[in-house]
Every structure is written in C-alpha cells, then in structure tokens.
Amino acid sequence: MSASALPRAFLAMLRRDVVLAWRRRGDALLPVLYAVIVTTLFPFALGPEHALLARISGGVVLVTVLLAMLLSLDAVFRGDLEDGALEHMLLAPQPLALLMAARMLAYWLVTALPLVLVAPLLAYMLGLDAVAQPVLLLALLLASALLDLLGIVLTALTVGTRRSGMLLSLMLLPLAVPVVIFAAGAVGAAQQGLPWIAPLAWLAAALALALVLAPLACATALRIALDS
Amino acid sequence: MGRFLAMGGYAAYVWPAYAVFFLVLGADVLATALRRRRVLRELAGRMARQAARRQPDVSP
Amino acid sequence: MNAFKLWYHKLGSPPYFYLFAGYIRPWLWGIALLLAAVGLYGGLVLAPPDYQQGDAFRIIFVHVPAAWMSLFIYGVMAVSAFIAVIWRPKMAEVLAMESAPIGAAFTLIALITGSLWGKPTWGTYWTWDARLTSELVLLFIYLGVIGLYHAFEDPRQGARAASFLAMVGAVNLPIVHYSVVWWNTLHQGTTVRYFGPSSIAPSMLWPLLVMTIAAKFYYGASLMGRSRVALLSLERGKDWVRAEVAGAPAGG
Amino acid sequence: MSLHAAPADPFIVARGLGYGRRDERVFGPLDFSLDAGCIALVEGDNGSGKTTLLRVLSGLLHPTTGEARVLGAAPGSEQARAGCAALGHLLGLKGDLTVQENLALGTGLYGAREDADAQAMLEHAGLAGYAHEPVRTLSAGQKKRAALARLALLPAPLWLLDEPYANLDRNGIALVNALLAGHAARGGAALVTSHGAVAFYEGVGYTLRLGT
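Structure below.
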C-alpha cells in the first residue's frame, strides 16, 4: 500500500457520494424545503408580532436546521447497506475511518451546506438583526458540522436495525443539547450586543475534537452494528 | 398519627413522592419476575419440542 | 495463582455467575429492606422538620438517593459497556444491559420526586433548573441505550451497539451538565436556591446516607435477578440451562 | 511492497474454525488451508453455511470457535484486507453510477492491478458499449458481469467469491472460469462457493464440503 492510496481512496469515496447526490439532486433539496416550511409555520402559530419573532428567530432557525438534518440522517447508510456497497467499504484495504470521513464530508456538503446557506434568509424573514446574521451563519457552520459528525456515528450504530428513524432522534437529542445551547447562546448574545465569541470558541474546539474522533468512532460503530 | 400523616400540610407532596419511589421500584421487581416466568415457560416448551423430535412417534 | 483473577474468570462464566447471583440475591434483598426500614424511620419520624421547608424536605430521603443512584448506575453501566466493547465478554454485556432499566427507573424517580418537591419550594412542578434538566437528558440517554438494545434482533449484537452508545453518553453527560449550567445562568439571571438546608443537620444526614446505601443494595439485588433471567435466555440450549429449567417450577 | 506472501505461506489457514448463532451451529469446525495458485470450491446445500464461512474469512463476522489466518494475519485486519477481495450476493454496485464509474470506484478503493485495463476488461466481460450506462439499467446477469470485471481489475491475490455463477448464462459461466484460470496463473488463490449445479472451473484444487 503506497502513501498515495489513502488520498486516492478518500477522493474516490467523496467523488462517489457527490456524484450520487447530484444524480438525485431533487432529493437533496427536500431538507431545505422542509426547513422553509417549518420556519414559515412559526409566525402563523405565534402571530406576526415583530419583536417576539425577532427574539426567537435565531433559536427557531437553529432547531429547524437540526430537525431537517435529522430527517435525512436516517438514509445515510441505507442505500449502501441494501446494495452491498457498505460491505465493500468494510472490506476495503483502507482504514474504514478514512472512508467514513469522506462520507461525513460528502454528507455535510450535500445536506448541511444548502441548509446553512438558506438559513440567513429564513432568519431575515423572522426579523433577526443584521448584526446577528454573521454570528448565526458562523454558529450554523460549526453546529451543522458537529451534528453531521455525531449524527453519522449514531446512524452507523443503528445500521443493523429495522425502522430506526424515531430511535435516532432519541439517541441524538442528548448530543444535540450542548450544541444547540452554545450555538443559540452565541446568537442570543450577539442580538443583545454582548460578546459572543466564547460559546463559538467552545463549539470550534468540540468540532476539532470530533473531526479526529468521529470517523474512528463511526468505523467502530459500523463494525459493531454489522457483526451479527 | 394524624399529624404524622398530615406531614405539616405537605402530605400532598411527601406521600406521592414516597409512593412513586416504591411503585417504580416495585414495577422493576415485578417486570423481572414476569420475565423470568415467561423465559422459563419458553425454555420448557423448547425442550419439550426437542425431546418430542428426538423420540420418533411410535403410534401411527 | 492470583486469587482475584481466578475469581474474576469464574464470575465471567455464565453458569457460575448464575449460581453466585442466585446465592447472594436474598442477602442483598434482606440488607436493602432492613436499611430502607431504618432509613425511613429515621427520615420520616426521628428527623425534625426543616425550619424553612417544614416537612416538605422529607422528600430528600427518596429524591437524593434516587438522583445519586441514577449517576452511580450510569457509571457501573459505562464501565461494563467499555469492557463489553473492548473484550466482548458475555457477562459484561449482560451487566451493562440489565443495569440500564434500573438506572432509568431511578432517573424517573428522581425526576418525579424532584418536581413534587419543586411545587412547595418553587411554586411550580417543573422549572428548567440545571439539575432537573440534566436529569431529564440523562433519562433520554438511558432510553436511547435501552431502545437501541431492543432494536437489534440478535441480543448480543444489540448489547454491543448499546454499550457503545452508553460510552458515548458517558463522555457526553458532563458536557451536557456543564452546558446546561451555563445556559441556566445565561437565561435566568437570578439564582434559584437549590433544595435542602445548606449545612445539613446530622439528624437528617444519617437517614439520607442509610437510604442511599439501601438503594445501592436494591440495585445489586435487582441486577442479580435481571442478569439471571437474561443469562437463561442467552444461554438457552446449553446444558446448565436445561438442568435449571428442568429443576425450576416451570409454567407456574 | 509485495502483496503476495512468501510462496510457502498458505493464503488461508483455518483450525477448528466454526460459527454459531446463539446456540445453533452454522458451520464447522473446519480445518483447511489454501495455497497460492489454488482455486478451492466450497460446496454445500442451502443453509449449510457457505456464505457465513466467507463472511468469517473476510472478517465481517467473528468466529465462535477456532481461528483463521488470512494472508498471515487475523481476518479483517488491515494486512488481511489489503490482499483480499470479496464478491457476495449483494454486488455493491451503485445503480446511479455508470459501469465505468463503478469500476473506477473499485480501483479507487482497492488500487488497480498493474496490467489491468478497464476498457479491455469490460469487452472481455461482454459489456462493451455499456461503459457509460447507469448500472440500474443493466440486467441481473450484466450486473454480475460488471462486478466480476471490477473484481478482476483489483490487485488482491486472494478472492472470496460467493456464488459467482448465480444469474449467469453459459458465456457468463465461461467468463468466471476464464477469470479464475487467469487469477490462478498469476499466483492468486480463490475460495469459491457453489451449490454445485453448474459446470465448475476444471482446475479445482480441492473441494470443501459443508453440512452433513
């Protein structure tokens, strides 16, 4: 195994996932549509009062993006499990963690990034201050990447089970709590004109740690879940 | 005794708390006992089936 | 020969553990009930009412042991789960998976008694207090572990997957607690005075400790009972299980 | 680095290898070894554990009794995976990718044999002209051929093939046999399962019978 084999395999996996997503680009837009629909419902439920909507806008957008990601998380490994591609990943000579890292990056690019890009628009519709917009974008970039990494690890654990959608939400909630708290805390602080860098720094530190650990954990989880 | 049960006016909170403590743990014990009974019955049934298979039926 | 190592390996064998658990279970039950009786008498009768909370503080004797046990059992489960994932012995899987429902039960008790205590002290059954919120998240973690365990058709595979989740939860739990505390100070501003006198009187302390130890023995007894049943079902087809089933009053 | 072990070392050694689910035995205990250049046939009825044996050897399942060494290492270890390629019931082809993209993905993950040429291999496999078709438009037999073409491009010296003849017509069976012959001539080895209904490769080293 030469040194070039690792980047070659990583790129092959990444390319595969991006091409597959492109061939089914309609599906990739569904989470975005879901986020738009959910955000639209809030003013109808709470009334169009600007001050109230502006106050909750950051939190609403964060939670909506989280839910939209959760919605599609269930399917991350389903196709690969059904056609046997997942077994080939397990059997490939490269470390499984490397392939999982490619899978995670691809999933973030395909699912999370569109959501992050549409989020400022949703926040604007709810009346978030322009000052807080960059903070929201930054918080979403960090939070979506973290949830992507953690969520795929948990999805890997449920691969061998039937009907895992609801279970996945239950498993992800405790991991999502700190992410939501810090991300929403930063946005809230920015809205009040307070310093917001500290919670984002914590998120960034957690992301750095997760970038290293999550692919390894994901590989372990997959081997556990498929060893029947 | 009545004063003890009244708990200084807090009976509505103290006694339910103790009831919850013992009811939930009681449910834990009961669930284990029922599960043990079910597992034993299943295993006995399994063994009976296996024994029946091993001894060929003599009656026509 | 290292005596401890020998004992460890013996306990790791299911038929031996089954016998051992059956032998110590009545003792654990007896001690738990005795201690609970003493603790309840001390807590409900002997301890004087709190000068601020009156008799409402007596909820402490069930609430605090349950809250401590919810964390203690998680610790035991996480250690067993770690062993189960790394070395894959059957007994560690069984102990981790049978601990989870007991831990969830204690967490539920801590939540309900906590909110029953909250009504007279804070005027509301539920408040997003840092400890109650953390306890709620702990309940979700327990439920996730139990749910994942039962989602697999093969119980051993389910046990390993759920053990892995329990390890993830063990890392996550302090982070949740820390973030919830931070969030709490961020949004509430005023600090809510947490239950209980700040310096606890000895007449209140000893029943609390006795109840806590009683809860630990209850956990031991329940765990032994649960593990015995789990072993019977996991090891079905083995000779020792056949002997046990033939000897037990089946169907009754 | 050469992927081939020293010629004297067998590719696979199994000692008392067995697998059971709960208390039911699936196969084994088995003792066998597989040398370089040898194509071995695993025969047995449905449910005799052929697939399970291959899954244990590829490291997807942990054996319950005995042990196996694959290319001198534990099954599923990095060293074993580096020299091992498997083909199962599920082919692992992505339906939305073209045949050529699927082949490129395989060589991307496993590397390509030095003398391998994807285009020539597709022609050899009877898939000339299908290179740019999405795999989902292919028939079952054509999918199998595509998977075999992908397998033959890889440098792995050890093949674990589960029912490679299934879904194939007479030409397809001849293709499998030709690929096996070429693989053995290069010094590779293969463990091939079959329920025994087809014209099997003639150069079989030995046959392993599973089940009673």
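From first to last, the protein sequence lines are chains L, V, R and U.
Per the numbering used here, the first sequence runs over residues 106 to 333.
Per the numbering used here, the second sequence runs over residues 3 to 62.
Per the numbering used here, the third sequence runs over residues 1468 to 1719.
Per the numbering used here, the fourth sequence runs over residues 9 to 220.
Cβ coordinates follow ideal geometry from the N, Cα and C atoms, glycine included.
Residue range 20 to 29 is occupied by the beta strand (DSSP E) that includes ILE20(U).
Of the residues PHE1471(R), ALA1697(R) and VAL1604(R), the one whose Cα lies closest to the Cα of ALA1571(R) is VAL1604(R). A straight-line Cα-Cα distance of about 24 Å links THR1594(R) and LEU171(L). Taken through DSSP and simplified to helix, strand or coil, GLU1602(R) comes out as helix. Chain R places a beta carbon closer than 8 Å to that of ASP332(L), counting this residue as a contact.
Among the residues of the segment 1681 to 1707 of chain R, those with a Cβ less than 7 Å away from any Cβ of chain V are TYR1685, SER1689, GLY1692, ARG1693, VAL1696, LEU1699, SER1700 and ARG1703, in the order of the chain. When the alpha-carbon of LEU27(V) is set against those of LEU1583(R), SER1694(R) and ILE1569(R), the nearest one is in ILE1569(R). Sorting THR263(L), ALA224(L) and ALA173(L) by C-alpha distance to the C-alpha of ALA326(L) places THR263(L) at the top.
The three-state reading of DSSP puts CYS323(L) in helix, counting H, G and I together.
Assigned with DSSP and collapsed to three states, SER202(U) falls in strand. The alpha-carbon of LEU1653(R) is positioned some 10 Å away from that of ILE286(L). Annotation for ALA88(U): no beta strand (DSSP E) segment contains it, though the alpha helix (DSSP H) segment containing it runs 86 to 90. Non-local C-beta neighbours of ALA1577(R) in its own chain, meaning closer than 7 Å and more than five positions away in sequence, comprise HIS1530, ALA1533, ALA1534, SER1537 and GLU1602, ordered along the chain. A Cβ-Cβ contact shorter than 8 Å links ASP170(U) with GLY96(U).
Taking a beta-carbon distance threshold of 8 Å, MET3(V) does not count as an interface residue toward chain R.
Here LYS1683(R) is buried: its Cβ has 16 or more other Cβ atoms, across all protein chains shown, within 10 Å. When only Cα atoms are considered, TYR27(U) and THR1580(R) end up about 49 Å apart. Close to LEU203(L), with beta-carbon spacing below 7 Å, lies no residue of chain U; the smallest spacing is near 10 Å. Close CB contacts of ALA1637(R) within its chain, under the 6 Å cut and outside five residues either way in sequence, are with ALA1545 (chain order). Between VAL292(L) and GLY163(L), the beta carbon gap of about 3 Å places them in contact (Cβ cut-off 8 Å). Here PRO163(U) is not near GLY100(U), since their CB atoms are 8 Å or more apart.
Between the segment 1508 to 1528 of chain R and the segment 1582 to 1592 of chain R there are three or more inter-stretch CB-CB distances shorter than 8 Å, so the stretches are counted as touching. DSSP places GLU32(U) in the strand class (E or B) of the three-state scheme. Every beta strand (DSSP E) stretch that sits fully inside the segment 53 to 109 of chain U and reaches 3 residues is listed by chain position as 73 to 78 and 92 to 95.
Taking a cut-off of 8 Å for Cβ pairs, the segment 205 to 213 of chain L and the segment 121 to 138 of chain L touch, as three or more such pairs fall below it.
At least one beta carbon of chain R lies nearer than 8 Å to the beta carbon of GLY11(V). For the C-beta of ALA1618(R), the chain L residues within less than 9 Å are, from N- to C-terminus, THR263, GLY265, THR266, ARG267, ARG268, SER269 and LEU272.
About 6 Å separates the beta carbons of LEU117(U) and GLN199(L), which is inside the 8 Å limit, making them a contact pair.
Beta bridge pairing from DSSP links THR215(U) with LEU49(U). Looking at the DSSP output, SER41(U) bridges to VAL21(U).
In the three-state scheme derived from DSSP, where H, G and I count as helix and E and B as strand, TRP301(L) is classed as coil. With the rule of 3 Cβ pairs closer than 8 Å, the segment 221 to 234 of chain L does not count as touching the segment 190 to 209 of chain U.
Chain-order list of chain L residues neighbouring LEU117(U): ALA114, ALA117, MET118, HIS193, MET194, ALA197, PRO198, GLN199 and LEU204, by C-beta distance under 8 Å. Around the CB of MET205(L), 16 or more other CB atoms lie within 10 Å, so the residue is classed as buried.
The three-state secondary structure of TRP167(U), taken from DSSP, is strand.
Interface residue (Cβ-Cβ distance to chain U less than 8 Å): VAL240(L) is not classified as such.
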